[in-house]
Amino acid sequence: MRAVLIDLARARAIVDRALAHARSNDFPPMTVAVFDTAARLVAFAGEDGSSLLRERIARGKAHGALNMGVGSRALAARAASDPDFVNALVALAEGNLVPVPGGVLIRDENGDLIGAVGVSGHLPDDDEACAIHAITGCGLRADPGT
899 MRAVLIDLAR ARAIVDRALA HARSNDFPPM TVAVFDTAAR LVAFAGEDGS
949 SLLRERIARG KAHGALNMGV GSRALAARAA SDPDFVNALV ALAEGNLVPV
999 PGGVLIRDEN GDLIGAVGVS GHLPDDDEAC AIHAITGCGL RADPGT
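Dropping the structure here:
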C-alpha cells in the first residue's frame, strides 16, 4: 500500500487560501505551515510582521495533530480535561505539540489522511477558521478534531 501524501501544489494552495482568508477578515499577520503525513514541511509562509514565535506555534499545531491523529481542537479539549497528560505529551514531543485550535488534519476526497496544516497569528478559533477555509477551498476535507 502506498502512502498518501499531500502534493506541493495543494499545499501551496492551502497556504495561499489561508492567508487570503486572513486578509479578507483583517486578521493580524499570519503564519501557515503544511506538512505531509511523514511530518515533512511541504509549504510554509509567514507574513511580514508575524511575531517571532508564530512559526514554531504553527508547526507545533500541525505536528501535534499529526502525532496524535486528531485536530488540535480535540487536543485543547483533552488539555482542559486532563492537563497532566497533555503536558506530558508536550514534553515528549519536545514542544512540537500545541494543544489549541489551529492545527487541522487534511483528508483527501476518500477520507484518507494526507497531511496537516497549522495556522497561527490570531485567536485560536480564527486560526482554525483560516485552515478549514483553505482546506475545503481546495476540495479536501478538514478534520479539526471536533
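Going by our numbering, the letters in the sequence shown line up with residues 899 to 1044, in that order.
Note that beta-carbon positions come from the ideal geometry of N, C-alpha and C, so glycine has one too.
On a predicted model such as this, the values are computed, not experimentally measured, just so you know.
Valine 1017 and glutamate 945 have their alpha carbons spaced roughly 12 Å apart. Under the three-state reduction of DSSP, alanine 916 is assigned to helix. At a Cβ-Cβ threshold of 8 Å, glycine 1035 and proline 926 do not count as neighbours.
In terms of Cβ geometry, proline 1042 and glycine 969 form a close pair [threshold 8 Å]. Taking all protein chains shown into account, alanine 941 has 16 or more neighbouring C-beta atoms within 10 Å of its C-beta and is therefore buried. Per DSSP, reduced to three states, the secondary structure at isoleucine 1012 is strand. Check the Cα spacing between asparagine 965 and each of Leu951, Leu1011 and Thr929: the tightest is with Leu1011. Excluding sequence positions up to five before and after glycine 1000, its CB lies within less than 7 Å of the CB of Lys959, Ser970, Gly1016, Val1017, Ser1018, Pro1022, Asp1025, Glu1026 and Ala1029, all in the same chain and listed in chain order.
Judged by DSSP secondary structure, phenylalanine 925 falls outside any beta strand (DSSP E); it is assigned neither H nor E.
If you check the CB distance, glycine 1013 and aspartate 934 come in under 8 Å. When DSSP assignments are scanned along the stretch 947 to 1013, the uninterrupted stretches of alpha helix (DSSP H) that are 4 or more residues long and fall wholly within it turn out to be 952 to 966, 970 to 979 and 981 to 990. Exposed is the label assigned to threonine 1044, since fewer than 16 other Cβ atoms lie within 10 Å of its Cβ.
Scanning its chain for C-beta atoms nearer than 6 Å, with the 5 sequence neighbours on each side dropped, one finds no residue around aspartate 905. Taking the Cα positions, leucine 951 is about 19 Å away from alanine 937. Our two residues, isoleucine 912 and valine 998, have alpha carbons roughly 20 Å apart in a direct line.
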